[in-house]
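In the working numbering, the protein residues as written are 497 to 572. For every residue, glycine included, the Cβ atom is placed at its ideal position computed from N, Cα and C. Here is the structure we will look at, set down as C-alpha coordinates.
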(Lines of atoms letter the chains of each structure in order from A and count residues from 1; the text may use other names and numbers.)
(Lines give C-alpha, C1' and ligand atoms only; values in the text may rest on other atoms or scores of the structure.)
Protein backbone atom coordinates (compact mmCIF):
# COMPACT_ATOMS: atom_id res chain seq x y z
CA UNK A 1 0.00 0.00 0.00
CA UNK A 2 1.34 3.46 -0.82
CA UNK A 3 1.81 5.93 2.03
CA UNK A 4 -0.04 9.23 1.73
CA UNK A 5 0.12 12.58 3.53
CA UNK A 6 -3.64 13.21 3.40
CA UNK A 7 -5.36 13.32 6.77
CA UNK A 8 -7.30 10.17 7.61
CA UNK A 9 -11.06 10.23 7.78
CA UNK A 10 -13.26 8.87 10.57
CA UNK A 11 -13.80 5.58 8.73
CA UNK A 12 -10.13 4.99 7.84
CA UNK A 13 -8.33 2.23 9.68
CA UNK A 14 -4.97 3.35 11.09
CA UNK A 15 -3.14 0.89 13.24
CA UNK A 16 -1.08 2.02 16.22
CA UNK A 17 2.47 0.65 16.47
CA UNK A 18 5.24 0.67 19.05
CA UNK A 19 2.87 0.92 21.99
CA UNK A 20 4.63 0.59 25.35
CA UNK A 21 2.16 -2.05 26.50
CA UNK A 22 3.28 -5.67 26.61
CA UNK A 23 0.70 -6.74 24.04
CA UNK A 24 0.00 -5.67 20.48
CA UNK A 25 -2.18 -2.57 20.47
CA UNK A 26 -5.58 -3.16 18.88
CA UNK A 27 -6.57 0.51 18.76
CA UNK A 28 -6.44 2.70 15.70
CA UNK A 29 -6.07 6.44 15.18
CA UNK A 30 -9.79 7.20 15.36
CA UNK A 31 -9.97 5.55 18.82
CA UNK A 32 -7.55 8.12 20.26
CA UNK A 33 -8.36 11.53 21.76
CA UNK A 34 -7.28 14.64 19.80
CA UNK A 35 -4.62 16.89 21.37
CA UNK A 36 -3.47 20.45 20.74
CA UNK A 37 -1.14 19.09 18.04
CA UNK A 38 -2.83 17.96 14.81
CA UNK A 39 -0.72 14.85 14.23
CA UNK A 40 -0.62 13.75 17.88
CA UNK A 41 -3.40 12.00 19.78
CA UNK A 42 -3.67 10.65 23.31
CA UNK A 43 -4.28 7.00 24.12
CA UNK A 44 -6.40 6.56 27.24
CA UNK A 45 -5.45 2.88 27.46
CA UNK A 46 -1.69 3.34 27.89
CA UNK A 47 -1.75 7.09 28.72
CA UNK A 48 0.73 7.81 25.91
CA UNK A 49 0.86 10.29 23.05
CA UNK A 50 0.68 8.71 19.59
CA UNK A 51 2.24 10.51 16.60
CA UNK A 52 0.69 10.19 13.14
CA UNK A 53 3.62 9.91 10.73
CA UNK A 54 3.38 11.31 7.20
CA UNK A 55 5.96 9.02 5.62
CA UNK A 56 7.90 5.84 6.23
CA UNK A 57 11.09 7.72 7.17
CA UNK A 58 9.30 9.66 9.94
CA UNK A 59 7.61 6.43 11.06
CA UNK A 60 10.93 4.63 11.42
CA UNK A 61 12.60 7.58 13.20
CA UNK A 62 9.78 7.86 15.75
CA UNK A 63 9.67 4.09 16.28
CA UNK A 64 13.44 4.01 16.91
CA UNK A 65 12.99 6.76 19.52
CA UNK A 66 10.34 4.68 21.30
CA UNK A 67 7.45 6.95 20.33
CA UNK A 68 4.04 5.36 19.84
CA UNK A 69 3.25 5.86 16.15
CA UNK A 70 0.47 5.49 13.61
CA UNK A 71 0.75 5.69 9.85
CA UNK A 72 -1.92 6.05 7.18
CA UNK A 73 -1.60 3.93 4.10
CA UNK A 74 -3.85 4.76 1.18
CA UNK A 75 -6.11 1.93 0.03
CA UNK A 76 -5.08 0.20 -3.16
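- Per DSSP, residue 558 is one residue of the alpha helix (DSSP H) stretching across 552–560.
- Secondary structure at residue 526: helix, using DSSP grouped into helix, strand and coil.
- Contact between residue 558 and residue 547 holds, with the beta-carbon distance rounding to 5 Å and staying under 8 Å.
- Within the same chain, Cβ atoms closer than 8 Å to the Cβ of residue 531 are found at 537, 538 and 545, the five residues on either side in sequence being excluded.
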